[in-house]
Amino acid sequence: MTICYFTASGNCLYVARRLGGTLLSIPQLMRQKDIEITDDAVGIVCPVYAVEMPMMVREFITRAKITTEYFFFVYTYGMGYAEAFSHAKVAADAADLDLKYVNAIQMVDNYLPIFDMQEQMDTLPEKDVEGQITRLCNDISRRKTMTIEVMDENRAVMEKYKKELAEPILRKDTALGYVVNDKCVRCGICARVCPANNIVVTEAGVQFSDRCEVCYACLHNCPQNAIHLIKEANTVRFRNEHITLADIIKANE
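Using my numbering, read the sequence shown as starting at -18 and increasing by one per residue.
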């Protein structure tokens, strides 16, 4: 089994590890000229962003040549996933992949403009993350299948959320609005955890470009808590307790 994952604050990497098999970083795969993956089972683990998948994950599905008898999709989310399952199905169909199974694991939502990170972490035990993952692992090990249909009403909701959420939020120029305060020591960690190679750190400071994935890896993993949004719920940051900073760097560098 092969798991292709996208991670920023560690949730998806943790789920991927729990599923087992060969783990492949989607950001690293995207830097290859050709992407070919063949296995008896191939899955994608990624977060829900604006009730869709991350932009890079969508591009990955269009570029990768995946050959498998069992293709599955696993999201992590905080508040909800709405039509995310439909997005997985539509993307799979467009890539001529037969999506056998899709599921979602509720974890900490790290979307800083809305969510209080401390509250998210404090309420984590109520979500029974380990129980959710155990059930997911059992489904995958048994090669559980499900019927996934995208009806006209699903497509209407997808289009509604696209205009109201995805287009305003998932913008490649988002990082150009980030603020770096005087706590920054120019350690370069932000550049190393960025999955899109969107950050350059020099003696003059931190420079952002227009390839942002809006994943907030740089904000959540900055050792000095020096990177901020103009509007954020609070200054608390989050990384999955089972995942280290070194793990995030290894996944995205």
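Where is the CB? At the ideal position from N, CA and C, for every residue including glycine.
These numbers were taken from a predicted model, which means no experiment stands behind them.
- Excluding residues up to 5 positions away in sequence, Val182 lie with their Cβ nearer than 8 Å to the Cβ of Gly169 in the same chain.
- A check of alpha carbon separations from Asp74 across Gln205, Arg220 and Phe53 identifies Phe53 as the nearest.
- Taking 4 residues as the minimum length, the alpha helix (DSSP H) runs contained wholly in the segment 161 to 197 are 170 to 174, in order along the chain.
- A direct Cα-Cα distance of roughly 4 Å separates Glu213 from Pro94.
- Assignment of Gly158 by DSSP, reduced to helix, strand and coil, places it in the helix class.
- The beta carbons of Val110 and Asn84 sit about 13 Å from each other, so the pair does not count as a contact at 8 Å.
- For the pair of segments examined, the segment 124 to 131 was found not to touch the segment 140 to 157: the number of CB pairs separated by less than 8 Å stays below three.
- For Val83, the enclosing beta strand (DSSP E) has its first and last residue at Leu80 to Gln87.
- Beta-carbon to beta-carbon, Gly(-9) and Ile229 are separated by about 6 Å, close enough to satisfy the 8 Å threshold.
- Its Cα nearest to that of Ala(-3), the residue Ile86 stands out among Ala227, Ile180, Pro106 and Ile86.
- According to the DSSP assignment, Ala65 belongs to the alpha helix (DSSP H) that extends over Ala65 to Ala75.
- The residue among His223, Ser6, Ala22 and Ile7 with its C-alpha nearest the C-alpha of Met(-18) is Ala22.
- Looking at Met11, Val195, Lys81 and Asp77, the one whose alpha-carbon comes closest to that of Pro149 is Val195.
- The three-state secondary structure of Gly112, taken from DSSP, is helix.
- Annotation: the continuous alpha helix (DSSP H) that includes Ile229 extends over Leu226 to Asn233.
- Between the beta-carbon of Cys165 and that of Cys199 there is about 11 Å, and that puts the pair past the 8 Å contact cut.
- Per DSSP, Lys212 is not a residue of any alpha helix (DSSP H), being assigned neither H nor E.
- Distances from the alpha-carbon of Pro8 to those of Ser67, Asp20 and Met36 put Met36 closest.
- Distance from the CA of Ile114 to the CA of Asn202, rounded to the nearest whole angstrom, comes to 24 Å.
- For Leu5, the enclosing beta strand (DSSP E) stretches over residues Thr3 to Ser6.
- For the 8 Å CB-CB criterion, Ile25 and Val38 form a contact.
- In the DSSP assignment, Ala(-3) falls outside any beta strand (DSSP E) and lies within the alpha helix (DSSP H) extending over Asn(-8) to Leu0.
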